[in-house]
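This report concerns only the one structure given below.
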Amino acid sequence: MENIIHVEHPLLKNLITKLRDINTEGYFFRKFLSEVGRILLVEALKDEEMIEVEINTWIGNSKFPALKEDRYVFIPIMRAGLPMLDGVSEILPKSKAGFLALKRDEETLESHLYYDRVPDLTNHVAIILDPMVATGGSLDYAIRVVKEKNPARIISLNVIGAPEGLSRIAKKHPDVKVYIAQIDKGLNDKGYIVPGIGDAGDRAFNTE
Ligand code: PRP
Ligand code: URA
619 MENIIHVEHP LLKNLITKLR DINTEGYFFR KFLSEVGRIL LVEALKDEEM IEVEINTWIG
679 NSKFPALKED RYVFIPIMRA GLPMLDGVSE ILPKSKAGFL ALKRDEETLE SHLYYDRVPD
739 LTNHVAIILD PMVATGGSLD YAIRVVKEKN PARIISLNVI GAPEGLSRIA KKHPDVKVYI
799 AQIDKGLNDK GYIVPGIGDA GDRAFNTE
């Protein structure tokens with residue numbers, strides 16, 4: 619699973635414990651997902667190529683390194699991926715966003731696409747955002763849709779994964795780098811990650 623990068627940091631573990639706590643209200647649950655997304659992005663872009671830009675400073679014009687921000691397209695998977703968009707776009711304000719909505723059938727565990735508003739991704743870096751990789755079906759589906767838009771590269775930022783789902787992605791999409799903050803034990807008989815955080819979409823938006 620060379621393309622699965624487990625990002626370990628005390629701040630991430632601390633945030634994940636808050637996410638696991640069932641007393642964390644929707645508003646804070648969204649905030650913590652957003653913060654995990656931001657920290658994962660820092661790790662994911664640590665070796666990025668930089669450009670030189672000329673800017674005005676207090677002592678005159680000069681050239682400094684910068685990221686080509688509009689090369690990055692964040693793609694949150696609705697619903698639960700949506701809160702992650704806030705944190706990442708705060709540090710790359712000129713980045714773009716596209717939207718995919720997928721819903722997992724709770725009986726068959728198959729995912730269905732019900733909204734695709736992802737632009738053409740030619741010459742862009744696509745960064746998928748979804749907190750959960752359980753069976754990996756939703757992420758696999760999202761990656762297949764994103765690949766059809768011709769991105770230069772795909773990165774996926776995810777909060778909690780089960781070994782089953784992550785190895786499925788590693789096998790089917792070895793070209794996609796997956797940054798994950800926590801790898802949990804596995805899935806229960808309903809396809810939920812254990813210990814996990816429960817239904818991330820419901821927890822984020824206070825729907826049960
Ligand atoms: C959740 C989650 C993932 C998916 C993971 O979404 O956000 O997209 O389940 O499960 P999988 O790896 O087995 O496919 P869900 O389908 O519950 O939709 P929601 O975000 O609207 O609640
Ligand atoms: N989707 C969730 O929101 N949580 C899980 O544990 C599995 C799928």
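Note that my numbering numbers the sequence shown so that position 96 is 714, with each residue one more than the last.
Where is the CB? At the ideal position from N, CA and C, for every residue including glycine.
Burial check for THR635: the Cβ neighbour count within 10 Å stays below 16, so the residue is exposed. Checking the 7 Å criterion, the Cβ of THR635 is out of range of every heavy atom belonging to the ligand PRP.
Non-local beta-carbon contacts of ARG697 in its own chain, meaning distances under 8 Å to residues more than five positions away in sequence, involve ALA719, GLY819, ALA822, PHE823 in chain order.
When the five nearest sequence neighbours on each side are left out, the beta carbons in the same chain lying within less than 7 Å of the beta carbon of ILE669 are those of ALA684, LYS686, in order along the chain. Only exposed fits GLU666, as fewer than 16 other CB atoms lie within 10 angstroms of its CB. Under the three-pair Cβ rule at 8 Å, the stretch 783-802 does not count as touching the stretch 727-742. Counting C-beta atoms within 10 angstroms of its own C-beta, ASP738 has fewer than 16 neighbours from the protein chains shown and is therefore classed as exposed.
The beta carbon of ILE787 sits no closer than 7 Å to any heavy atom of the ligand PRP.
Here the stretch 632-652 does not lie against the stretch 671-685, with fewer than 3 beta-carbon pairs under 8 Å apart. Remark: the shortest separation between the CB of TYR810 and any heavy atom of the ligand URA falls under 7 Å. Restricting attention to ILE778, SER713, PHE692, LEU727, the CA atom closest to the CA of GLY816 is found in ILE778.
When distances are taken from the beta-carbon of SER729 to the heavy atoms of the ligand PRP, the shortest one is below 7 Å. For secondary structure counted as the beta strand (DSSP E) over 3 or more consecutive residues, the stretch 711-758 holds these complete runs in sequence order: 717-722, 729-735, 743-747. A Cβ-Cβ contact shorter than 8 Å links LEU659 with ILE709. Residues of the same chain with a CB within less than 6 Å of the CB of LYS808, apart from the 5 flanking positions on each side, do not exist. With fewer than 16 other beta carbons inside 10 angstroms of its own, THR726 counts as exposed. Judged by their CB atoms, ALA770 and VAL743 are nearer to each other than the 8 Å cut-off.
DSSP, read as helix, strand or coil, puts LEU775 in strand. For ASN674, same chain residues with a beta-carbon under 6 Å away, outside a window of 5 residues either side, do not exist. The Cβ atoms of ILE693 and VAL764 sit closer than 8 Å to each other.
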